[in-house]
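Novice: Here it is, the structure in full.
In the numbering used here, the protein residues as written are 26 to 227.
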């Protein structure tokens with residue numbers, strides 16, 4: 026049963042970006058790069074709120090149903106947020122990619138899910154500081170962010186437990202990381218082959 030659930034979960038992760046892009050393309054064709062970025066920014070608002078509720082409040086004082094509801098909403102929003110990064114990369118490169126380029130969305134989404142999973146598995150103590158971004162964003166984005174924070178001496182503000190800006194910066198870095206990984210996946214899977222019958226409207 027657990028294998029079926031895992032396969033279904035991977036299927037959802039792989040299909041969500043494709044469905045989102047198809048929906049956006051119904052609204053505006055071609056999809057501008059800024060549109061999924063704006064949607065991701067909107068998703069970030071409730072995502073940051075739920076993150077604060079889950080990771081900075083005393084879960085023992087919360088009802089089990091509330092914790093389950095927040096957890097399910099959290100993972101749904103994380104999947105949607107990561108999918109928007111995959112869609113942004115696709116919109117950015119679509120005109121340059123080979124035919125059947127939409128097939129590359131699945132491996133890009135799965136690669137993005139791996140990055141997202143890594144960013145979420147790092148834990149912190151109840152009263153300790155949040156971990157540095159280099160531990161949560163492995164594709165060099167975290168190292169760069171930690172360096173910028175160190176240069177401007179913002180460590181106490183950013184890494185302090187319960188920091189209001191920590192998760193916002195984390196999700197911004199995660200979006201950029203999934204975007205970069207998706208671009209690399211598209212480059213490896215679509216660019217080696219020329220476009221067939223290219224059209225100006227594609």
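Backbone N, C-alpha and C fix where the C-beta goes; we use that ideal spot for every residue, glycine too.
Secondary structure at residue 192, three-state DSSP: helix, strand or coil?
Specialist: Helix.
Novice: Which residues in the same chain as residue 136 place their Cβ atom closer than 6 Å to its Cβ, once the five residues preceding and following it in sequence are excluded?
Specialist: Apart from the 5 residues on each side of it in sequence, residue 136 sits with its Cβ closer than 6 Å to the Cβ of 206, 210 in its chain, given in chain order.
Novice: Note the first and the last residue of the continuous alpha helix (DSSP H) segment covering residue 139.
Specialist: 130-146
Novice: CB-CB under 6 Å to residue 43, same chain, minus the five flanking residues each way: which ones, in chain order?
Specialist: Counting only Cβ-Cβ distances below 6 Å, and skipping sequence neighbours, we find 130.
Novice: Which residue wins for smallest C-alpha separation from residue 134, given the options 79, 183, 110?
Specialist: 110
Novice: Apart from the five residues just before and just after residue 114, which ones in its own chain have a Cβ nearer than 6 Å to its Cβ?
Specialist: So the qualifying residues of the chain are 204, 207, 208.
Novice: Using the C-alpha atoms, what's the distance from residue 106 back to residue 163?
Specialist: 18 Å
Novice: Let me know if residue 59 comes out buried or exposed under the rule of 16 or more other beta-carbons within 10 Å of its beta-carbon.
Specialist: exposed
Novice: Under the rule that 16 or more other beta-carbon atoms within 10 Å means buried, what is residue 181, buried or exposed?
Specialist: Per the 10 Å Cβ criterion, exposed.
Novice: Taking contact to mean at least 3 C-beta pairs separated by less than 8 Å, is the stretch 68-78 in contact with the stretch 96-106?
Specialist: yes
Novice: Do you know offhand how far residue 144's Cα is from residue 48's?
Specialist: 28 Å
Novice: Should residue 215 be labelled buried (16 or more other beta-carbon atoms within 10 Å of its own) or exposed?
Specialist: buried
Novice: For residue 142 versus residue 170, is the C-beta spacing smaller than 8 Å?
Specialist: no
Novice: Whose C-alpha, out of 192, 122, 127, 160, is nearest the C-alpha of residue 46?
Specialist: 127
Novice: Shortest alpha-carbon distance to residue 62 belongs to which of 195, 76, 99, 112?
Specialist: 112
Novice: For residue 56 versus residue 50, is the C-beta spacing smaller than 8 Å?
Specialist: Closer than 8 Å, so yes.
Novice: How should residue 28 be labelled, buried or exposed, when 16 other C-beta atoms within 10 angstroms of its C-beta is the threshold for buried?
Specialist: exposed
Novice: When the distance is taken between beta carbons, is residue 174 closer than 8 Å to residue 183?
Specialist: yes
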